[in-house]
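Under my numbering, the very last position in the sequence shown is 123; numbers go up by exactly one each time.
Don't be surprised by glycine CBs; every beta carbon is placed ideally from N, CA and C.
Quick caveat, the model's predicted, so the values are computed rather than measured.
Shown next, in structure tokens, is the structure this report addresses.
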Amino acid sequence: MSIIKETILGVFSGTSKILKGVGKGLDEGFQELGQIPANIRYEKKKKLSGSYTLDIGDGETVTINFKGGLFAWDIDELNGKPLSDEDWEELSESEQIGINMKINSWANDIYTKNGLRV
6 MSIIKETILG VFSGTSKILK GVGKGLDEGF QELGQIPANI RYEKKKKLSG SYTLDIGDGE
66 TVTINFKGGL FAWDIDELNG KPLSDEDWEE LSESEQIGIN MKINSWANDI YTKNGLRV
């Protein structure tokens, strides 16, 4: 049985290529029709990655290392001072939740402003 016409979406080197083929097998007679960037939204999210200092209210700031492609962050500084794991543990649970909720809200806003969803 031969393949008359087949459209295949495959990923090669970070791009998706739409291929059209006529022939006896998948590796015969293919013609490249075009390239579509693989996962455009992920790449756009990834570009948002970086270090940000955010005003979290009441005169407090937090500096985060935002990983845009993963919608994740590490908190590096609180009020301009490096924040160790021990310092973080000394904060009450409600303070930790409050800080993370404000960062989450900021991250949602930056995604929305760039036409992205979590």
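Counting of Cβ neighbours within 10 angstroms places Ala-77 among the exposed residues, the total staying below 16. Taking the C-beta atoms as reference points, Thr-68 is found no nearer than 8 Å to Glu-91. For Asn-119, there is no enclosing alpha helix (DSSP H), since its DSSP letter is neither H nor E.
Here Ile-102 is not near Ile-61, since their CB atoms are 8 Å or more apart. Inter-residue distance for Val-123 and Lys-50 is about 9 Å (C-alpha atoms, whole angstroms).
Among the bridge pairs identified by DSSP, Trp-111 is matched with none.
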